[in-house]
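Student:
Residue numbers (the working numbering), protein chains in the order written: chain A, 1 to 113; chain B, 114 to 230.
Take a look at the structure:
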């Protein structure tokens, strides 16, 4: 019962470095999402993909890019990391239907020095 | 304006007692859904309960129920018979515009619940 798998779980970067956060789901869901959670706050949407081949910006997309590689995988890329991007990143997926909850991965804790 | 407002940053409750966590929302979309998630100290997000805007009855899932007052735009989570394992952050979230293509959730800032023995 893997559900949504995120890699890595922890990462430390230097300012200006790039990296890609990986996310894969095995529930055959059409929609996938990337959120960030800053200390003491709720989750904020970075990007989402309603279906394979489509991506859209969320509330806080600046400094990020995404790729919906196939139905299972949705990656998030930081091209030039900044300290303001220090956060916990969550990937989620959901099935069709307005009542379907989003299922979350365990998160990636990212620190940028 | 805040889409989702959770006015209680922290709450204490005695074990075995009931507790209500408040959530108010703001939307002009007639079709929306409200979700509650639990985030324990380990960090994962756990789905608890869902209420649709057209649902006539309040949602219930085991010890969780949702006190949905549509006219007041509130969707409070009620946890009955609190257990020590209920200690966590609780987030209210809203999905608007599902039928116009939006699928993502807007989250509140959360309420930290601590259950005392």
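Glycine included, C-beta positions come from ideal geometry on N, C-alpha and C.
When the distance is taken between beta carbons, is residue 119 of chain B closer than 7 Å to residue 136 of chain B?
Tutor: In the second chain, counting from the first residue as 1, residue 136 of chain B sits at position 23. In the second chain, counting from the first residue as 1, residue 119 of chain B sits at position 6. Going by C-beta atoms, residue 136 of chain B is nearer than 7 Å to residue 119 of chain B.
Student: Under 7 Å, Cβ to Cβ, is there at least one residue of chain B near residue 95 of chain A?
Tutor: Taking the first chain and counting its residues from 1, one reaches residue 95 of chain A at position 95. Not one chain B Cβ lies under 7 Å of residue 95 of chain A.
Student: Just tell me which of A:108, A:100, A:110 and A:20 has its CA closest to the CA of residue 69 of chain A.
Tutor: Position 69 of the first chain holds residue 69 of chain A. Of A:108, A:100, A:110 and A:20, the residue nearest in Cα terms is A:20.
Student: Residues of chain A with a CB under 7 Å from the CB of residue 163 of chain B: which are they?
Tutor: Taking the second chain and counting its residues from 1, the one referred to as residue 163 of chain B is at position 50. Neighbours of residue 163 of chain B on chain A, chain order: 99 and 101.
Student: Quick one, are the C-beta atoms of residue 115 of chain B and residue 224 of chain B less than 7 Å apart?
Tutor: Position 2 of the second chain, counting from 1, holds the residue named residue 115 of chain B. Position 111 of the second chain, counting from 1, holds the residue named residue 224 of chain B. In this structure, residue 224 of chain B does not lie closer than 7 Å to residue 115 of chain B by Cβ.
Student: Can you give me the start and stop residues for the beta strand (DSSP E) that residue 186 of chain B sits inside?
Tutor: Taking the second chain and counting its residues from 1, one reaches residue 186 of chain B at position 73. Taken as a continuous stretch (DSSP letters only), residue 186 of chain B belongs to no beta strand (DSSP E), as it is neither H nor E.
Student: Find the residues of chain A that neighbour residue 218 of chain B, judging by a C-beta separation of less than 7 Å, and give them in chain order.
Tutor: For the purposes of this step, residue 218 of chain B is taken as residue 105 along the second chain, with counting starting at 1. The answer, in chain order, is 102.
Student: Would residue 48 of chain A pass as an interface residue toward chain B - the criterion being a Cβ-Cβ separation below 7 Å?
Tutor: Sequence index remark: in the first chain, residue 48 of chain A carries index 48 (1-based). Yes, residue 48 of chain A counts as interfacial toward chain B.
Student: Exposed or buried, which one is residue 173 of chain B when buried takes at least 16 other CB atoms within 10 Å?
Tutor: Within the second chain, numbered from 1, the residue matching residue 173 of chain B stands at position 60. Classification for residue 173 of chain B: exposed.
Student: What residue does the beta strand (DSSP E) around residue 205 of chain B start on, and which one ends it?
Tutor: Taking the second chain and counting its residues from 1, one reaches residue 205 of chain B at position 92. Note, residue 205 of chain B: beta strand (DSSP E), 201 to 209.
Student: Is the beta carbon of residue 127 of chain B sitting closer than 7 Å to the one on residue 196 of chain B?
Tutor: For the purposes of this step, residue 127 of chain B is taken as the residue at position 14 of the second chain. For the purposes of this step, residue 196 of chain B is taken as the residue at position 83 of the second chain. No.
Student: Would you verify that the beta carbon of residue 211 of chain B is, or is not, closer than 7 Å to some beta carbon of chain A?
Tutor: By 1-based counting over the second chain, the position of residue 211 of chain B is 98. Judged by the 7 Å Cβ criterion, residue 211 of chain B is in contact with chain A.
Student: Determine whether the Cβ of residue 41 of chain A lies closer than 7 Å to any Cβ atom of chain B.
Tutor: On the first chain, residue 41 of chain A is found 41 positions in, with the first residue counted as 1. For residue 41 of chain A, the answer is yes, since a Cβ of chain B falls inside 7 Å of its Cβ.
Student: Distance, Cα to Cα, residue 35 of chain A vs residue 102 of chain A?
Tutor: By one-based count along the first chain, residue 35 of chain A stands at place 35. By one-based count along the first chain, residue 102 of chain A stands at place 102. Between residue 35 of chain A and residue 102 of chain A, the C-alpha separation is close to 12 Å.
Student: Is the CB-CB distance between residue 43 of chain A and residue 37 of chain A below 7 Å?
Tutor: On the first chain, position 43 is the one that residue 43 of chain A refers to. On the first chain, position 37 is the one that residue 37 of chain A refers to. Result yes, Cβ atoms of residue 43 of chain A and residue 37 of chain A sit closer than 7 Å.
Student: First and last residue of the beta strand (DSSP E) that includes residue 75 of chain A?
Tutor: Locating residue 75 of chain A in the first chain gives position 75, where the first residue counts as 1. Residue 75 of chain A -> beta strand (DSSP E) spans 74 to 78.
Student: Rounded to whole angstroms, what is the Cα-Cα separation between residue 89 of chain A and residue 154 of chain B?
Tutor: Taking the first chain and counting its residues from 1, the one referred to as residue 89 of chain A is at position 89. Taking the second chain and counting its residues from 1, the one referred to as residue 154 of chain B is at position 41. If I take the Cα positions, the gap works out to 16 Å.
Student: Apply the 10 Å Cβ neighbour rule to residue 189 of chain B and answer buried if 16 or more other Cβ atoms are within range, or exposed otherwise.
Tutor: Residue mapping note: residue 189 of chain B aligns to position 76 of the second chain, counting from 1. Buried.
Student: In chain order, what residues of the same chain have a beta carbon less than 8 Å from the beta carbon of residue 9 of chain A, not counting five sequence neighbours either side?
Tutor: If you number the first chain from 1, residue 9 of chain A lands on position 9. For residue 9 of chain A, where only same-chain residues beyond five positions count, the Cβ hits under 8 Å are 106, 107, 108 and 109.
Student: Going by Cα to Cα distance, which pick from B:227, B:160, B:123 and B:170 is closest to residue 148 of chain B?
Tutor: As a working mapping, residue 148 of chain B is identified with position 35 in the second chain. Nearest of B:227, B:160, B:123 and B:170 to residue 148 of chain B, Cα basis: B:160.
Student: Taking Cβ to Cβ, would you say residue 17 of chain A is nearer than 7 Å to residue 81 of chain A?
Tutor: In the first chain, the residue the question calls residue 17 of chain A occupies position 17. In the first chain, the residue the question calls residue 81 of chain A occupies position 81. Yes, they are a contact pair.
Student: Can the beta-carbon of residue 50 of chain A be found closer than 7 Å to that of residue 31 of chain A?
Tutor: The residue you call residue 50 of chain A lines up with position 50 of the first chain. The residue you call residue 31 of chain A lines up with position 31 of the first chain. Yes, these two residues count as a Cβ contact at 7 Å.
Student: Taking Cβ to Cβ, would you say residue 210 of chain B is nearer than 7 Å to residue 142 of chain B?
Tutor: Within the second chain, numbered from 1, the residue matching residue 210 of chain B stands at position 97. Within the second chain, numbered from 1, the residue matching residue 142 of chain B stands at position 29. Cβ distance < 7 Å, so residue 210 of chain B and residue 142 of chain B count as in contact.
Student: Who does residue 225 of chain B pair with in a DSSP beta bridge?
Tutor: Counted from its first residue, the second chain places residue 225 of chain B at position 112. DSSP output for residue 225 of chain B lists B:123 and B:202 as bridge partner(s).
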